[in-house]
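Numbering (UniProt numbering), first residue to last: 1 to 186.
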Ligand SMILES: O=C(O)CCC(=O)C(=O)O
C-alpha cells in the first residue's frame, strides 16, 4: 500500500502503538487485498506477525499450527507469472515472467481432514494471525462483487519458537521422499 496504493493510505489508521509494543517492532509492510469469490490463497505460512482487517465482504481463514510441518511438507517450485490485459481484445491472459523465476510453494490439496481452526473475519474485525501458522484463505463478496482487506506485517522474533520449527522442518526434509513432480518452464 505504501507504493502502488499510496493514495489510499490516508484512509487507514496504521498507528497501532499497542501492536508495536507487543511485537517489539514497527510495521514492516501494509498490504491491500482485493478479490472476488474466485480468489483463493492456498496454504502457506509467513515469517511475520500478521494483523488482518477486513473492510468489505468476508474472509474465511483455515488455520493450522506451525507444528504441522510433516503434513505440509510437499512443496514444488512454481513458475512466477502475472496477469496481462490485452489492450485490443480486452482479454486477460497469464504471462510467465521472463527470464523464468520460480517460487517454492506447498502443493495445494484438500485440507478438510486435517484438524485446524476456521475463523470468519467480517468487516471491521481484526484477526491476529501469529507468525508461522499455516493458513488458507477464501472469501465472500460484498454487494459490489468484491472482498477488500488490509493487513499489517510485523517482523517476527527469530527466537526459540522459530528455531524449534526450523529444526523440525529440517528433520522432516531429511526424512521425506524426494518430490516426484518437477516444475517445467513454460
Ligand atoms: O487475503 C488473502 O487472500 C491472503 C492473506 C495472506 O495470506 C496473508 O496475509 O499472509
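For each residue, glycine too, the CB sits at the ideal point set by N, CA and C.
Please state if the CB of residue 8 and the CB of residue 1 are separated by a distance shorter than 9 Å. Result yes, Cβ atoms of residue 1 and residue 8 sit closer than 9 Å.
Residue from 82, 90, 67 and 149 whose Cα sits closest to the Cα of residue 98: 82
Residue 120, DSSP secondary structure in three states: strand
Selection from 120, 126 and 78 that minimises the alpha carbon distance to residue 108: The shortest C-alpha to C-alpha distance from residue 108 to any of 120, 126 and 78 is the one to 78.
Going by the CB atoms, is the gap between residue 166 and residue 43 shorter than 9 Å? no
Rounded to a whole number of angstroms, what is the C-alpha to C-alpha distance between residue 138 and residue 159? The straight-line gap from Cα to Cα measures roughly 31 Å.
What do you reckon, is the C-beta of residue 129 under 8 Å from a heavy atom of ligand 1? yes
Residue environment, residue 49, which counts as buried when at least 16 other CB atoms sit within 10 Å: Counting Cβ neighbours within 10 Å, residue 49 comes out buried, since at least 16 surround it.
Within the present structure, is the beta-carbon of residue 145 separated from the nearest heavy atom of ligand 1 by less than 8 Å? no
Return the residue from the list 41, 52, 47 and 36 that minimises the CA-CA distance to residue 13. 52
Which residues in the same chain as residue 127 place their Cβ atom closer than 7 Å to its Cβ, once the five residues preceding and following it in sequence are excluded? 52, 61, 119 and 121
Do residue 63 and residue 132 have their C-beta atoms closer together than 9 Å? no
Which residue or residues does DSSP assign as beta-bridge partners of residue 98? According to DSSP, residue 98 bridges with nothing at all.
Between the C-alpha atoms of residue 174 and residue 68, what's the straight-line distance to the nearest angstrom? 16 Å
Tell me the rounded alpha-carbon separation between residue 55 and residue 125. 8 Å
Simplified DSSP assignment, three categories, for residue 153: strand
Quick check on DSSP: helix, strand or coil for residue 146? coil
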